[in-house]
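Everything below concerns the one structure shown next.
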Amino acid sequence: MKGPYPLSKVDSYVTRTSPGAYILSRDGKVAHYVGRSNTDLAQRIKSSAQEGLGYKYFWFEYTTSPMRAYYLECEWWHKYAPVDNTNHPAVPPGTYWRCPVPGCPWS
Ligand SMILES: [Zn+2]
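Each number in the numbering used here comes from the position in the sequence shown (counting from 1) with 73 added on.
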């Protein structure tokens, strides 16, 4: 995972068009929100940041596939319990992916 970086400079750090997972933070220390993109991580981070919850920093990691982005999102969701994610990461429609974390009801 890379970061934390300022959300005002997403394009300076997320330079590849790639699937991946990200974390948003208001203080650069606590993970407040986790998310992923199946196709374009930078675009997703920017649109997510505009939702107005006061995020200022982000971390990210590229993945080699949308499925791996989902796995990473799940792992971070369990690890950091981000307060702005009210629900477990959703499985995309049309897939049969399961959460990789043992003991999770979604696994
Ligand atoms: Zn899970």
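A virtual CB, placed ideally from N, CA and C, is assigned to each residue, including glycine.
Ligand 1 site residues, beta-carbon cut 7 Å against heavy atoms: The answer, residue by residue, is Cys147, Trp150, His151, His161, Cys172, Val174, Cys177, Trp179, Ser180.
As assigned by DSSP and simplified to three states, the class of Val103: In the structure shown, Val103 sits in coil (DSSP, three-state: anything other than H, G, I, E or B).
Three CB pairs or more closer than 8 Å across the segment 117-131 and the segment 148-156: No: the two stretches stay apart, fewer than three of their Cβ pairs being nearer than 8 Å.
Backbone secondary structure at Trp179 - three-state DSSP: Here Trp179 sits in coil by DSSP.
Ala104 to Arg171 span [Cα, whole Å]: Straight-line Cα distance between these residues: approximately 23 Å.
Cβ-Cβ distance between Trp179 and Val156 below 9 Å: Their beta carbons are not under 9 Å apart, which means Trp179 does not touch Val156 by this criterion.
Endpoints, beta strand (DSSP E) assigned at Leu97: For Leu97, the enclosing beta strand (DSSP E) stretches over residues 93-98.
CB of Ala94 within 9 Å of CB of Leu80, strictly: Taking a C-beta distance under 9 Å as the contact criterion, Ala94 and Leu80 do not qualify as a contact pair.
Residues that DSSP places opposite Gly108 in a beta bridge: Gly108 is bridged by DSSP to Tyr95.
3-residue-minimum beta strand (DSSP E) runs that sit fully inside the segment 126-150, ordered along the chain: List check, beta strand (DSSP E) in window: 130-135.
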